[in-house]
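Written below as structure tokens is the structure these notes are about.
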Amino acid sequence: MNKHETYMHRCIELAKLGAGHVAPNPMVGAVLVHDGHIIGEGYHQQYGHAHAEVNCINSVPLNSQCLIPNSTLYVSLEPCSHYGKTPPCSDLIIEHQIKKVVIGCYDSFAAVNGSGIEKITAAGVHVTVDLLKEECLELNKRFFTFHQKKRPYIILKWAQTKDKKIAASSNERLLITNEFTNKLVHQWRSEEAA
Numbered sequence: 129m130n131k132h133e134t135y136m137h138r139c140i141e142l143a144k145l146g147a148g149h150v151a152p153n154p155m156v157g158a159v160l161v162h163d164g165h166i167i168g169e170g171y172h173q174q175y176g177h178a179h180a181e182v183n184c185i186n187s188v189p190l191n192s193q194c195l196i197p198n199s200t201l202y203v204s205l206e207p208c209s210h211y212g213k214t215p216p217c218s219d220l221i222i223e224h225q226i227k228k229v230v231i232g233c234y235d236s237f238a239a240v241n242g243s244g245i246e247k248i249t250a251a252g253v254h255v256t257v258d259l260l261k262e263e264c265l266e267l268n269k270r271f272f273t274f275h276q277k278k279r280p281y282i283i284l285k286w287a288q289t290k291d292k293k294i295a296a297s298s299n300e301r302l303l304i305t306n307e308f309t310n311k312l313v314h315q316w317r318s319e320e321a322a
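Below is the structure:
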């Protein structure tokens with residue numbers, strides 16, 4: 129694994145911290161690197177609140193803020209370029225004069241869909257896209273399924289007894305899966321906001 133992949137893996141780790149709190153937005157993580165050292169990091173923590181890029185830049189200590197323009201921003205998803213509940217992250221990148229941005233994958237949401245990259249590139253930012261693309265797409269498979277296929281991400285859970293029953297004849301609750309499976313199903317329900 130090279131250093132760029134290491135930083136993007138950190139973005140993915142950070143993004144996962146937003147699981148269950150940011151929907152319908154995607155989970156996004158960001159790190160700011162100067163001379164091989166992470167000087168700031170952040171993730172989208174809650175729907176309607178600051179995005180990963182904002183939290184990342186805001187986390188840079190006061191005595192290191194002068195390093196921001198000469199740093200590389202790694203972000204797991206294309207920066208937004210539209211006004212929603214928060215201002216565009218692409219404007220923030222331009223405002224802080226960050227010269228290089230490495231992006232995990234494009235954002236297929238119609239209001240972004242390449243326009244964030246286009247905006248920062250037009251401002252002179254050197255952009256690299258698709259670093260650990262598959263991992264970044266997997267991170268937000270629910271978000272991408274919704275925006276690309278216009279349907280929710282679907283998980284089918286099926287459990288039955290050896291005699292092909294799904295309930296006891298007395299209509300009492302019958303646990304036919306084990307503890308591991310029960311925990312997995314609860315995890316899925318949490319991930320799907322079910």
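Going by the numbering used here, the sequence shown opens with residue 129, and the numbers climb by one from there. Where a beta carbon is used, it is the ideal one built from N, C-alpha and C, also for glycine.
Checklist entry - In terms of residues, what are the limits of the beta strand (DSSP E) holding L205? => result Locating residue 205 in the sequence shown gives position 77, counting from the first residue. The continuous stretches of beta strand (DSSP E) do not include L205, and DSSP gives it neither H nor E.
Next on the checklist: Check for me: the alpha helix (DSSP H) holding Q185 runs from which residue to which?
Outcome noted: The residue you call residue 185 lines up with position 57 of the sequence shown. The question names Gln, but residue 185 in the sequence shown is Ile. Counting along the chain, I185 sits inside the alpha helix (DSSP H) bounded by residues 180-186.
Checklist entry - Under three-state DSSP, which class holds H149? => result Residue numbering aside, residue 149 sits at position 21 when the sequence shown is read from its first letter. Reduced to three states, the DSSP call for H149 is coil.
Next on the checklist: Tell me which residue opens and which closes the alpha helix (DSSP H) that E266 is part of.
Outcome noted: Taking the first residue of the sequence shown as position 1, residue 266 is located at position 138. Its alpha helix (DSSP H) spans residues 261-267.
Checklist entry - Can you check whether the CB of L205 is closer than 9 angstroms to the CB of V156? => result As a first step, residue 156 must be located in the sequence shown, where it is residue number 28. As a first step, residue 205 must be located in the sequence shown, where it is residue number 77. Yes, the Cβ-Cβ distance between V156 and L205 is below 9 angstroms.
Item to check | For E169, the residue or residues it bridges with in DSSP | outcome: The count along the sequence shown starts at 1 and reaches residue 169 at position 41. For E169, the pairing in a beta bridge is given by DSSP as V159.
Checklist entry - Do G168 and K131 have their CB atoms nearer than 9 angstroms? => result Residue mapping note: residue 168 aligns to position 40 of the sequence shown, counting from 1. Residue mapping note: residue 131 aligns to position 3 of the sequence shown, counting from 1. It is not a contact, given that the beta carbons lie outside the stated cut-off.
Checklist entry - By the 10 Å Cβ neighbour count, where 16 or more other Cβ atoms means buried, how is I282 classified, buried or exposed? => result Here residue 282 corresponds to residue number 154 of the sequence shown, with the count starting at 1. With fewer than 16 Cβ atoms within 10 Å of its Cβ, I282 is classed as exposed.
Checklist entry - Using CA coordinates, which residue listed in S236, E181, T249 is at the minimum distance from K278? => result Along the sequence shown, one-based indexing puts residue 278 at 150. Checked all of S236, E181, T249; the closest Cα to K278 is S236.
Next on the checklist: Just to confirm before moving on: does the CB-CB distance between I222 and I248 stay below 9 angstroms?
Outcome noted: In the sequence shown, the residue the question calls residue 222 occupies position 94. In the sequence shown, the residue the question calls residue 248 occupies position 120. For I222 and I248, yes; Cβs fall inside 9 angstroms.
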